[in-house]
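See structure below.
In our numbering, the protein residues as written are 550 to 693.
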């Protein structure tokens, strides 16, 4: 008969809990389907649980249904853009870290996004690789 000590059980359960904790849930909202697929594949490869949507309206629906660890918004999307969606999340008291990932480089859009959400990142798509973005999200969520 195999006898397992209490200490062994604690280590085993701790291992199972840590394995579940590695899958941070992120939501990515971008109307560029090809880029959305590239992002999804990169974050899946990085160990994330990924949900993707194509506009801010769908992002709001998803954020009301599920709790996400982080949301990535494109700014210019049909129906509801990223900044407007982020403001609505704030109004709904859904507090989640947000990263704006966009091609818009002008001061007006940057200022509007930064004012909409405290402690946000504003990243220009052409300035970052998917791999670097995944690492940046890991750092923001304190994932090693």
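For each residue, glycine too, the CB sits at the ideal point set by N, CA and C.
Here the segment 571-590 makes contact with the segment 614-622; the two share three or more CB pairs at distances below 8 Å. Of the candidates 665, 674 and 572, 665 places its Cα closest to the Cα of residue 633. In the DSSP assignment, residue 689 falls within the alpha helix (DSSP H) that extends over 679-689. For a cut-off of 8 Å, the C-beta gap from residue 638 to residue 674 is around 22 Å, too long to register as a contact. The straight-line gap separating the alpha-carbon atoms of residue 645 and residue 693 is approximately 20 Å. Restricting attention to alpha helix (DSSP H) runs no shorter than 4 residues, the segment 565-647 encloses them at 582-594, 605-614 and 631-640, ordered along the chain.
Here the segment 586-597 makes contact with the segment 674-693; the two share three or more CB pairs at distances below 8 Å.
In terms of CA proximity to residue 615, 574 leads the group 669, 574 and 593. In the DSSP secondary-structure assignment, residue 651 is bridged to 673. Inclusion of residue 602 and residue 611 in the CB contact set at 8 Å is warranted, their separation being smaller than that value. Within the same chain, Cβ atoms closer than 7 Å to the Cβ of residue 647 are found at 620, 622, 635, 666 and 669, the five residues on either side in sequence being excluded. Using a Cβ distance threshold of 8 Å, residue 572 and residue 597 count as a contacting pair. Going by DSSP, residue 663 is part of the alpha helix (DSSP H) stretching over 656-665. Taking the C-beta atoms as reference points, residue 604 is found nearer than 8 Å to residue 629.
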